[in-house]
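Q: Take this structure first; my questions come after.
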Amino acid sequence: MIPLTVRSYYSLMWGTSSPEEICAVAKQLGYNRLAITDTNNLYGLWPFLEACKRTGMTPIVGAELTDCASKRRAVCLVENDEGYRNLCRLITRRHSDDIFNLKSAIVKHSKGLVVLTQNRELLSNWHEAGVTVVAAIEQKPDSAGFRLRKTASRHGIPTVATPGSFFLNPDDIKIHRMLRAIDLNTSLSRIDPKDTASSSAWLASASVYDRYFDIWPNAVTDTEKIAERLTFTGPCQGIVLPPWDDKKKHSAEKLLRNAAYKGAKQRYGNDLSETVVNRLEHELDIIEKMGFSSYFLVVQDIVSHSPRICGRGSGAASLVAYCMGITNVCPIKHNLYFERFLNPGRSDPPDIDIDFAWDERDAILDFVLKQYKGHAAMVCNHVSFQPRMAIREVAKVYGLTDNEIGQVSKRLPWFWRAAYENNDLLTRLKQLPEFRLLDFPHPWPKILRIAQNIIGNPRYISVHPGGVVITPDPIDDYVPVEIAPKGVPIIQWEKDATEDAGLVKIDLLGNRSLGVIRDAITNIVQNGFILDEQTWEPEDDAATQENVAVGNTMGCFYIESPATRLLQKKAKVGDFEHLVIHSSIIRPAANEFIREYVRRLHGGNWKPIHPLIDDVLDETYGIMVYQEDVSKVAVAMAGFSHADADGLRKIMSKKDKVRKLRDYKQCFEKGARLRGVTAKQIDAVWNMMMSFDGYSFCKPHSASYARVSFQAAFLKTHYPAEFMAAVISNQGGFYSTFAYVSEARRMGIKVLPPDVNKSDIRWKGKKTSLRVGLLSIKYLAAGTKERIVGKRRGNPYRNISDFCKRVRP
213 MIPLTVRSYY SLMWGTSSPE EICAVAKQLG YNRLAITDTN NLYGLWPFLE
263 ACKRTGMTPI VGAELTDCAS KRRAVCLVEN DEGYRNLCRL ITRRHSDDIF
313 NLKSAIVKHS KGLVVLTQNR ELLSNWHEAG VTVVAAIEQK PDSAGFRLRK
363 TASRHGIPTV ATPGSFFLNP DDIKIHRMLR AIDLNTSLSR IDPKDTASSS
413 AWLASASVYD RYFDIWPNAV TDTEKIAERL TFTGPCQGIV LPPWDDKKKH
463 SAEKLLRNAA YKGAKQRYGN DLSETVVNRL EHELDIIEKM GFSSYFLVVQ
513 DIVSHSPRIC GRGSGAASLV AYCMGITNVC PIKHNLYFER FLNPGRSDPP
563 DIDIDFAWDE RDAILDFVLK QYKGHAAMVC NHVSFQPRMA IREVAKVYGL
613 TDNEIGQVSK RLPWFWRAAY ENNDLLTRLK QLPEFRLLDF PHPWPKILRI
663 AQNIIGNPRY ISVHPGGVVI TPDPIDDYVP VEIAPKGVPI IQWEKDATED
713 AGLVKIDLLG NRSLGVIRDA ITNIVQNGFI LDEQTWEPED DAATQENVAV
763 GNTMGCFYIE SPATRLLQKK AKVGDFEHLV IHSSIIRPAA NEFIREYVRR
813 LHGGNWKPIH PLIDDVLDET YGIMVYQEDV SKVAVAMAGF SHADADGLRK
863 IMSKKDKVRK LRDYKQCFEK GARLRGVTAK QIDAVWNMMM SFDGYSFCKP
913 HSASYARVSF QAAFLKTHYP AEFMAAVISN QGGFYSTFAY VSEARRMGIK
963 VLPPDVNKSD IRWKGKKTSL RVGLLSIKYL AAGTKERIVG KRRGNPYRNI
1013 SDFCKRVRP
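In this note's numbering, the protein residues as written are 213 to 1021.
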């Protein structure tokens, strides 16, 4: 017996268990193969493949498809690569076509698929159309099953037992019913049985299924015959790079070389130094050998549509990217290493994140999706139940009021991780200081027990903030695509699965501070000043460095938070290199290391934890600051290979990392001990590594951020009125408008009231005054603001009567 119709929790709000849990239980039950066939999706494909690899199971890839207009459904199992592409196309059409017809769609896209159905009409129709179809019997033999089997026998079609499972044991029916109640926004007592799975829909052992289908033993044994046909174990397509189509048919390698050298002359002058040429040749050689030339050309094409961008991520270490205008930090000047971005030993795709002004990003994204229509889509996010959401939703099903629910949910810390491996959720909550004076009367214990079981389950999918995938062939040859509520196409995988599949993600993100810098410079030019951005080096300006050194950076990108300003005041250094360090060391888990860093910065005695890492952390005073420091220390202290060290670095940013980190720690301890490192030293270094848990930056990324920070700080130093006007106009900063206005007044800037003859829609600054913009006038409609400004051009309003007459719609 091979389970061919198992649903995971990626059958959203139906399944109760993760692919990892399913594979572990299946292995215990004696299975060596199984198929996870979630409904209309492949959301969980890569977690399933990873779980099979870890448990020694052989995966069968498939999905259940449903008809839009009827309740008819079919399970499609993949035989080969062509079948996988057809399954992706079918799922895509199911999500994009409002009149998707299962009957005709399967006929059109059936090659490489084995199709299971319980419907006699579909069985006959598909068989006659040449589809590899199998009769599927889910329940114990009944009249419907006998009729289906009779139809199958008449056509010579095999019949298999497919007792679908939505949960792993009989008790999990409670969790399944709760998920259905949440999804349907109803109570448990009101759920219609047709809206839930059968109470027998749990993953049982082969012997149990043998008893279920004892009068049709062939239906059980034939599952193994079907499984033997299904040799496809997952897409293995290597790295899939975006295409570059040159009308003159020049190779991507030649075009990249020409673009790099042209940009280098614009950056450094016509007479390129030996250092620049050698670095360019080194990078171009690696890029060409790894086949990434088209990637750089596509990214350059995208950024060329915006005059102001911030290329960041590890790609900021590339001189080629700098010369092509993709990034704005010179990697030679700031000692950024290209191998952190690309090297022949790296198996994962290149990573360049591009920031655009926040109000220009959507236009750029729209251009990309139209330019590569059918070949481009955004990455999705799998939004899971967090403790607050889980508790609130379960409590609603139990009929509690918002006020009663709020007594518990509002006390939960926003970023609390429910680490209750040895305790139940109720016990864990009682240990939090916020809950010490709160009782948990009936039905709260029941609510919390069920909530505990759905924390981490996917609730719905959303759009990634900016990740875009571009493929050489139609994108639904690689991954199913659906349309998000906001109207953009999204692939069904989140970022980790996208990377596992070899699809190259380009992050196109909105950055409010780029809008601030743009508007400030526009205002400055309107006031008659000249600022040449081509030769602008704000990080070398002494006055700007002085302001940065004392934390006078309110309104400045990434360095305006109280924590960063306090660090600047304590450090008392305002140069670019130290700001790069500070941009990266500000992490939630790094407080103790920040204090030690400041002490060492001011001359405090220190020595490396161990001589093996003496040189590795020299520029950061022996403190791990950048992501790559984790990799460097793992290599130097524990003898990790560069690939394993990079794997350790990457796993720290993953969601599911506890088990893998445990394995890495054992390897690290073993390797370090062999090199003579003491247990105390190992613990100290590992503790420092764990401060990178969650998010952290590589040095090129921090350098890119520091560049934008210095641009903002320069504008605040030399053009304070124009800068503060831009900060307030772009809104959404770290502080409120009132706080920024107060800062402007502290700087000696006079705030002028709104004036229908002088105010623009946005705030404007000039010399030592700041004019309130119409955007800050409450209840004034956007159309009215535009008419006020538009109608007065060259002809100020004479009086209230004239104003009303001209502005009235």
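All C-beta atoms, glycine included, are put in the ideal place defined by N, C-alpha and C.
Under 7 Å Cβ to Cβ from lysine 979, same chain only, skipping five residues before and after it: list those, please.
A: Answer for lysine 979: Ala933, listed in chain order.
Q: Go ahead and label methionine 902 buried or exposed: buried means 16 or more other beta carbons lie within 10 angstroms of its beta carbon, across all protein chains shown.
A: Counting Cβ neighbours within 10 Å, methionine 902 comes out exposed, since fewer than 16 surround it.
Q: Looking at C-beta atoms only, is the number of pairs between the region 402 to 417 and the region 250 to 265 that lie closer than 8 Å three or more?
A: The region 402 to 417 is not in contact with the region 250 to 265.
Q: Using the three-state DSSP reduction, which class does glutamate 276 fall into: helix, strand or coil?
A: Glutamate 276 falls in the strand class under three-state DSSP.
Q: Taking contact to mean 3 or more Cβ pairs, one atom from each stretch, closer than 8 Å, check whether the region 381 to 393 and the region 363 to 373 are in contact.
A: No: the two stretches stay apart, fewer than three of their Cβ pairs being nearer than 8 Å.
Q: Select from Glu294, Trp414, Arg284 and Thr278 the residue whose C-alpha is nearest the C-alpha of arginine 305.
A: For arginine 305, the nearest C-alpha among the options comes from Thr278.
Q: Would a C-beta distance cut-off of 9 Å place isoleucine 806 and leucine 779 closer than the cut-off?
A: It is a contact, given that the beta carbons lie within the stated cut-off.
Q: Could you please give the first and the last residue of the uninterrupted beta strand (DSSP E) stretch that includes tyrosine 672?
A: Unbroken beta strand (DSSP E) run through tyrosine 672: 670 to 682.
Q: Quick check on the DSSP output: the beta strand (DSSP E) that includes arginine 245 runs from which residue to which?
A: Residues 245 to 248.
Q: What does a CB cutoff of less than 7 Å around lysine 970 pick up in its chain, not counting 5 residues either side in sequence?
A: Same-chain partners within the cutoff: Arg983.
Q: Kindly indicate which three-state DSSP category asparagine 723 falls into: helix, strand or coil?
A: The answer is strand: DSSP assigns asparagine 723 an E or B state.
Q: From the beta carbon of arginine 573, is the nearest beta carbon of chain D less than 9 Å away?
A: The structure shown contains no chain D, having only a single protein chain.
Q: If I measure Cβ to Cβ from threonine 344 and keep anything under 6 Å in the same chain, skipping five residues before and after, which residues do I get?
A: Result list for threonine 344: Val326, in chain order.
Q: Could you check the C-alpha separation between serine 223 and serine 230 for me, to the nearest Å?
A: Those two C-alpha atoms are separated by around 10 Å.
Q: In the DSSP assignment, find the alpha helix (DSSP H) that holds alanine 602 and state where it starts and stops.
A: Per DSSP, alanine 602 belongs to the alpha helix (DSSP H) from 599 to 609.
Q: Between the Cα of isoleucine 311 and those of Pro454, Ser419, Ala281 and Leu886, spot the shortest distance and give me the residue it belongs to.
A: Here the closest residue by C-alpha is Ala281.
Q: Ordered along the chain, which non-local residues of its own chain (more than five positions away) have a Cβ less than 6 Å from that of isoleucine 451?
A: Hits under 6 Å: Pro561 and Gly714.
Q: Give me the Cβ distance between aspartate 689 and cysteine 288, rounded to the nearest whole Å; I'm assuming they're in contact under 8 Å.
A: Contact flag wrong, Cβ pair sits at about 16 Å.
Q: Pick from Ser526, Ser518 and Glu646: whose alpha carbon is nearest that of leucine 554?
A: Checked all of Ser526, Ser518 and Glu646; the closest Cα to leucine 554 is Ser526.
Q: So the candidates are Asp309, Arg285, Val920 and Val420; which of them puts its Cα closest to the Cα of threonine 765?
A: Nearest option by C-alpha distance: Val920.
Q: What ranges does the beta strand (DSSP E) occupy inside the region 297 to 376, keeping only unbroken runs of at least 3 residues that lie completely in it?
A: Runs found: 325 to 329, 345 to 349 and 371 to 373.
Q: Just reading off the beta strand (DSSP E) that isoleucine 973 is part of, what are its end residues?
A: From DSSP, isoleucine 973 is part of no beta strand (DSSP E); its letter is neither H nor E.
Q: Is it buried or exposed, glutamate 633, if we count other Cβ atoms within 10 angstroms and call 16 or more buried?
A: Only weak support is given to the placement of glutamate 633: the predicted model assigns it a pLDDT of 49, under 50, and the value that follows is read from those uncertain coordinates. Counting Cβ neighbours within 10 Å, glutamate 633 comes out exposed, since fewer than 16 surround it.
Q: Output the boundary residues of the beta strand (DSSP E) element that contains alanine 569.
A: That run of the beta strand (DSSP E) goes 565 to 569.
Q: For asparagine 1011 and tryptophan 570, what's the separation of their Cα atoms in angstroms?
A: Taking the straight line from one Cα to the other gives about 38 Å.
Q: Would you kindly work out how many angstroms separate the C-alpha atoms of alanine 431 and leucine 328, rounded to a whole number?
A: Going by the C-alpha atoms only, they are around 13 Å apart.
Q: Using the beta-carbon count (16 or more within 10 Å), is alanine 846 buried or exposed?
A: Looking at its Cβ environment, which holds 16 or more other Cβ atoms inside 10 Å, alanine 846 is buried.
Q: Roughly how many angstroms separate the alpha carbons of methionine 1026 and arginine 648, rounded to a whole number?
A: In the structure as shown, the chain starts at 213 and stops at 1021, and residue 1026 therefore has no counterpart that could be examined.
Q: In whole angstroms, what is the alpha-carbon distance linking glycine 995 and glycine 1002?
A: If I take the Cα positions, the gap works out to 10 Å.
Q: Identify whether proline 657 lies in helix, strand or coil by the three-state DSSP scheme.
A: DSSP places proline 657 in helix when its eight states are reduced to three.
Q: Look at tyrosine 507 and proline 454 and say whether their C-beta atoms are less than 9 Å apart.
A: Yes, the Cβ-Cβ distance between tyrosine 507 and proline 454 is below 9 Å.
Q: Give the DSSP-derived three-state secondary structure of lysine 1017 in the structure shown.
A: Three-state DSSP puts lysine 1017 in a helix.
Q: Tell me, to the nearest whole angstrom, how far the beta carbon of valine 681 is from that of phenylalanine 444; I am working on the premise that it is less than 8 Å.
A: No, valine 681 and phenylalanine 444 are not in contact; Cβ-Cβ is about 22 Å, not under 8 Å.
Q: Please name the residue, chosen from Phe950, Lys962, Asn803 and Ile961, that lies closest to phenylalanine 904 on a Cα-to-Cα basis.
A: Measuring from the Cα of phenylalanine 904, the nearest candidate turns out to be Asn803.
Q: Where in the region 516 to 603 do unbroken runs of the beta strand (DSSP E), each at least 3 residues long, occur, reported from the N-terminal end onward?
A: If we require 3 residues or more, the beta strand (DSSP E) runs fully inside the region 516 to 603 come out as 521 to 524, 565 to 569 and 588 to 596.
Q: Let me check understanding here. Comparing Cα to Cα, which of Leu886, Arg885, Ala857 and Val737 lies closest to lysine 872?
A: Measuring from the Cα of lysine 872, the nearest candidate turns out to be Ala857.
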